[in-house]
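So the structure is just underneath, and the comments pick up after that.
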Amino acid sequence: DRDDWESGLKAMECALHLEKSVNQCLLDLHQLATDKNDAHLCDFLESHYLHEQVKSIKELGGYVNSLCKMGAPDAGMAEYLFDKLTLGDSDKKN
1 DRDDWESGLK AMECALHLEK SVNQCLLDLH QLATDKNDAH LCDFLESHYL HEQVKSIKEL
61 GGYVNSLCKM GAPDAGMAEY LFDKLTLGDS DKKN
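Numbering (my numbering), first residue to last: 1 to 94.
Here's what the structure looks like:
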């Protein structure tokens with residue numbers, strides 16, 4: 001829940017949990033397609049969704065790990081530096 005976000009770390013943890021939940025649902029759907037011998041759906045899920053989910057989970061997991069190592073949420077400076085050094089470049093790319 002967004003109202004429960006006390007810090008950037010909590011927000012990242014919620015995002016990571018959501019990505020893992022979506023990934024599990026996709027894996028369940030993939031298993032169902034496998035059970036029904038639907039090779040096209042399996043291929044579609046693998047090529048368009050599952051690989052992207054894994055990348056997102058790894059990225060968010062890295063963010064959570066970095067924030068924890070930096071002392072967040074206890075150290076406000078940690079979240080500021082993380083935002084500037086890690087997420088700050090996204091503004092320049094768009």
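Glycine included, C-beta positions come from ideal geometry on N, C-alpha and C.
Local conformation of residue i per DSSP, three classes
i          : result
residue 74 : coil
residue 38 : coil
residue 62 : helix
residue 47 : helix
residue 6  : coil
Nearest-angstrom beta carbon gap, residue j and residue i [assumed within contact, 8 Å]
i          : j          : result
residue 13 : residue 57 : That pair is no contact at about 12 Å.
residue 78 : residue 67 : 7 Å
residue 8  : residue 75 : The pair is not a contact, with the Cβ atoms about 11 Å apart (cut-off 8 Å).
residue 50 : residue 87 : Rounded, the Cβ-Cβ distance is 25 Å, inconsistent with contact.
Residue i to residue j span [Cα, whole Å]
i          : j          : result
residue 53 : residue 42 : 15 Å
residue 16 : residue 31 : 22 Å
residue 48 : residue 69 : 33 Å
residue 55 : residue 23 : 11 Å
residue 6  : residue 65 : 17 Å
residue 38 : residue 21 : 23 Å
residue 34 : residue 40 : 10 Å
Where residue i falls, given that 16 or more other Cβ within 10 Å makes a residue buried
i          : result
residue 63 : buried
residue 45 : buried
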